[in-house]
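Student: In this note's numbering, the protein residues as written are 92 to 180.
Quick reminder that beta carbons are idealized off the backbone N, C-alpha and C, glycines included.
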Amino acid sequence: MVATTAILAVALGLAPVAPGGAQQVRVSAAAVAQAVGRCEQKVDRRGTVRLTGFDRRSGRAFDIRIDHAGHVEANVGAWLYTFDVAGAA
């Protein structure tokens, strides 16, 4: 599974990506931690990871779900973003 740091960075716009193609995302864990602050991570019985917290830059709440297949649904403020992720080969 891809690091949750990269998923947070994409969902919160810290590492913008263009739609419609495979891309490799590299982020600084320190930069993401500074922008996000604390967030809570839970894993349910089905293996779905859930990240919740607040974006320090905008004050927007986020609720991000990553299923076992790599599908991401990210509620950030009033917006819903969806994308798929895969680990580096």
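Whose C-alpha, out of His159, His162, Gly168 and Thr96, is nearest the C-alpha of Ala121?
Tutor: Answer by Cα proximity: Thr96.
Student: Quick one: grab the DSSP three-state call for Val127.
Tutor: helix
Student: Let's test the definition: count the other Cβ atoms within 10 Å of the Cβ of Ala100 and tell me whether it reaches 16, buried, or not, exposed.
Tutor: buried
Student: Would you report the Cα separation of Arg129 and Asp146, rounded to the nearest angstrom?
Tutor: 9 Å
Student: Am I right that Ala102 and Val167 are in contact with their C-beta atoms under 8 Å? What's the rounded C-beta distance?
Tutor: 6 Å
Student: Considering just the uninterrupted stretch of the alpha helix (DSSP H) at Val101, what are its terminal residues?
Tutor: Residues Thr95 to Ala102.
Student: How would you write the range of the beta strand (DSSP E) that Leu171 sits in, first residue to last?
Tutor: Trp170 to Asp175
Student: Helix, strand or coil for Ala180? Go by DSSP, reduced to three states.
Tutor: Residue confidence is low: Ala180 scores 47 on pLDDT, short of 50, so the model does not pin down where it sits. No coordinate-derived value is stated.
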